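Undergrad: So the sequence shown is numbered by the working numbering: it starts at 101 and just counts up by one.
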Amino acid sequence: MFSKTQLAKKYIRYYFNSSNGKGHGIHSPFVFDFITKILNDKNKYACYDKIESLRNKLLSDETILEIEDFGAGSRVNATNKRKVSAVAKSALKQKKFGRLLFRLVQYYQPKNILELGACFGITTSYLSFGNQTAQVFTMEGAKQITKVAKTNFEKLGLNNIKLIEGNFDNTLPSFIQQLKQQNLQLDFIFIDGNHRYEPTVRYFNDLLQVVNDNTILIFDDIHWSEEMERAWKEILLNERITLSIDLFFIGIVFFRKENKVKQDFIIRF
Ligand SMILES: C[S@@+](CC[C@H](N)C(=O)[O-])C[C@H]1O[C@@H](n2cnc3c(N)ncnc32)[C@H](O)[C@@H]1O
101 MFSKTQLAKK YIRYYFNSSN GKGHGIHSPF VFDFITKILN DKNKYACYDK
151 IESLRNKLLS DETILEIEDF GAGSRVNATN KRKVSAVAKS ALKQKKFGRL
201 LFRLVQYYQP KNILELGACF GITTSYLSFG NQTAQVFTME GAKQITKVAK
251 TNFEKLGLNN IKLIEGNFDN TLPSFIQQLK QQNLQLDFIF IDGNHRYEPT
301 VRYFNDLLQV VNDNTILIFD DIHWSEEMER AWKEILLNER ITLSIDLFFI
351 GIVFFRKENK VKQDFIIRF
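Written out as structure tokens, the structure is:
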């Protein structure tokens, strides 16, 4: 993981190297739409406050949880006692990005959505509200965390979410097999857990079996560490990717066929 100073320097470099986020000079109609209709959509949607008030409750919840550590090798090798509030503060995606994910789902209406790393289900809820007719699958390994997530889905009245418990290393390959058997594909994927080089690249390669031309695949924290930057750079070399958008805190890849020449955008958000 980079130090705060290293990350700040990287952010400043990103800020000055990125397109201004207004769509000026962007010739791709798809990316222009993405910027003007999704990135810059300033509407206040009803779910925003509902989800954020739940986040606030988590941020002041002093309950202590026993959390499995998915450290080296992603094996459950230790447990760790942490307050709900501390986990909520460090692990959840900021509201700005949760809301962006909601708008992406709302705009493109993906039918089958997968999130790796549910934690307390805050981002999962944004995904679920984006398209309530979609099936949202979310994976989480820490048992006591999954209980909190399930309670949160009930509180928000969300019933299109299926939480798959266990280590991604086991749950993802069998989930992909099930999808293949049913001839199903994923239209939207958010990878937000196990932020290391090897698993990130492996999950990406495995998921390629179940993506289609319209799938939107999002990686969290692509500039968070040397390993994640290496993974992001390597993933971008994959020939199935026709378009990528780097928003610094997340990276998005697309497989759309209308893009004849691959384009990599860095956009200010
Ligand atoms: C950054 S948090 C997810 C935050 C969530 N997406 C949000 O924004 O609301 C990552 C989660 O992934 C889980 N995780 C990490 N590695 C895992 C693994 N190998 N298998 C299962 N769960 C894992 C952690 O327990 C943690 O809750």
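Built from N, CA and C at the ideal position, the CB exists for glycine as well. Just so you know, these numbers come straight off a predicted model, no measurement behind them.
(1) Give the secondary structure of N120 by DSSP, where H, G and I count as helix, E and B as strand, and everything else as coil.
(2) Between F349, E358 and K360, which lies nearest to R197 when the distance is taken from Cα to Cα?
(3) If you reduce the DSSP assignment to three classes, tell me which class T238 lands in.
(4) For I289 and I318, which I take to be in contact (beta-carbon distance under 8 Å), what is that distance rounded to the nearest angstrom?
(5) Within the same chain, show all residues whose beta-carbon is closer than 6 Å to that of K211, passing over the 5 residues directly before and after it, in chain order.
(6) Within the chosen definition, does the stretch 262-271 reach the stretch 239-246 through at least 3 CB pairs nearer than 8 Å?
(7) Determine the extent of the alpha helix (DSSP H) in which T251 is found, giving its start and end residues.
(8) Quick check: what's the CA-CA separation for F275 versus Q363?
(9) Ends of the alpha helix (DSSP H) at G198?
(10) With E327 as the anchor, note down where its alpha helix (DSSP H) starts and where it stops.
(11) In the DSSP assignment, what residue or residues form a beta bridge with S344?
(12) Among residues of its own chain, excluding the 5 on either side of I322, which ones have a beta-carbon nearer than 6 Å to its beta-carbon?
(13) Look up N177 in the DSSP assignment and say whether it is helix, strand or coil.
(14) Which word fits G173, buried or exposed, when buried means at least 16 other C-beta atoms lie within 10 angstroms of its C-beta?
(15) So does T83 have its beta carbon nearer than 8 Å to some heavy atom of ligand 1?
(16) Is L192 near ligand 1, with its Cβ less than 8 Å from a heavy atom?
(17) Shorter than 8 Å, the distance from the beta carbon of M239 to the closest heavy atom of ligand 1, or not?
(18) Under a Cβ-count criterion, where at least 16 other Cβ atoms within 10 Å of its own Cβ denotes burial, should L284 be classed as buried or exposed?
(19) Terminal residues of the continuous alpha helix (DSSP H) containing I151?
(20) If you draw a straight line from the alpha carbon of G398 to that of A188, how long is it in whole angstroms?
(21) What does a CB cutoff of less than 7 Å around V311 pick up in its chain, not counting 5 residues either side in sequence?
(22) On the criterion of 16 or more Cβ atoms from any shown chain inside 10 Å, does R113 qualify as buried, or is it exposed?
TA: Short version:
(1) Residue mapping note: residue 120 aligns to position 20 of the sequence shown, counting from 1. Looking at N120 - three-state DSSP - the assignment turns out to be coil, as it is neither helix nor strand.
(2) Taking the sequence shown and counting its residues from 1, the one referred to as residue 197 is at position 97. Looking at the sequence itself, residue 197 is Phe, so the reference to Arg does not match. Nearest C-alpha to F197: F349.
(3) Residue numbering aside, residue 238 sits at position 138 when the sequence shown is read from its first letter. The three-state reading of DSSP puts T238 in strand, counting E and B together.
(4) The count along the sequence shown starts at 1 and reaches residue 289 at position 189. The count along the sequence shown starts at 1 and reaches residue 318 at position 218. A Cβ-Cβ distance of about 7 Å is found for the pair I289 and I318, placing them in contact under the 8 Å criterion.
(5) One-based indexing of the sequence shown puts residue 211 at position 111. Excluding residues up to 5 positions away in sequence, A234 and D287 lie with their Cβ nearer than 6 Å to the Cβ of K211 in the same chain.
(6) These segments touch.
(7) The residue you call residue 251 lines up with position 151 of the sequence shown. First-last of the alpha helix (DSSP H) with T251: K243 to K255.
(8) Here residue 275 refers to the residue found at position 175 of the sequence shown. Here residue 363 refers to the residue found at position 263 of the sequence shown. Roughly 31 Å between the two C-alpha positions.
(9) Locating residue 198 in the sequence shown gives position 98, counting from the first residue. K195 to Y208 is the span of the alpha helix (DSSP H), which, as asked, contains G198.
(10) Taking the sequence shown and counting its residues from 1, the one referred to as residue 327 is at position 227. If you look at E327, you'll find it in the alpha helix (DSSP H) that goes E326 to L336.
(11) Counting from one through the sequence shown, the residue named residue 344 turns up at place 244. Within the DSSP bridge table, the entry for S344 names V353 and D364 as partners.
(12) The sequence position of residue 322 within the sequence shown is 222, counting from 1. The residues are M328, W332 and G351.
(13) Sequence index remark: in the sequence shown, residue 177 carries index 77 (1-based). Because N177 carries a pLDDT of 49, less than 50, the predicted location of this residue cannot be relied on, and the following value inherits that uncertainty. Three-state DSSP puts N177 in a strand.
(14) Within the sequence shown, numbered from 1, the residue matching residue 173 stands at position 73. Bear in mind that the predicted position of G173 carries a pLDDT of just 38, short of 50, making it unreliable; the figure below should be weighed with that in mind. When all chains shown are included, G173 counts as exposed.
(15) A question about residue 83 goes unanswered here, because the residues of the chain that appear run from 101 up to 369.
(16) Taking the sequence shown and counting its residues from 1, one reaches residue 192 at position 92. L192 Cβ: within cutoff of ligand 1.
(17) Here residue 239 is taken as the residue at index 139 of the sequence shown, counted from 1. True, at least one ligand heavy atom lies under 8 Å from that Cβ.
(18) Indexing the sequence shown from 1 puts residue 284 at position 184. The residue in question, L284, is exposed, as its Cβ has fewer than 16 Cβ neighbours within 10 Å.
(19) For the purposes of this step, residue 151 is taken as residue 51 along the sequence shown, with counting starting at 1. A146 to L159 is the span of the alpha helix (DSSP H), which, as asked, contains I151.
(20) The chain is shown only over 101 to 369; residue 398 falls outside these bounds and no answer can be derived.
(21) Reading the sequence shown from its first residue, position 211 is the one you call residue 311. In the same chain as V311, and ignoring 5 residues on each side of it, the C-beta atoms closer than 7 Å to its own belong to Q285, L286, L317 and F355, in chain order.
(22) The residue you call residue 113 lines up with position 13 of the sequence shown. Label assigned to R113: exposed.
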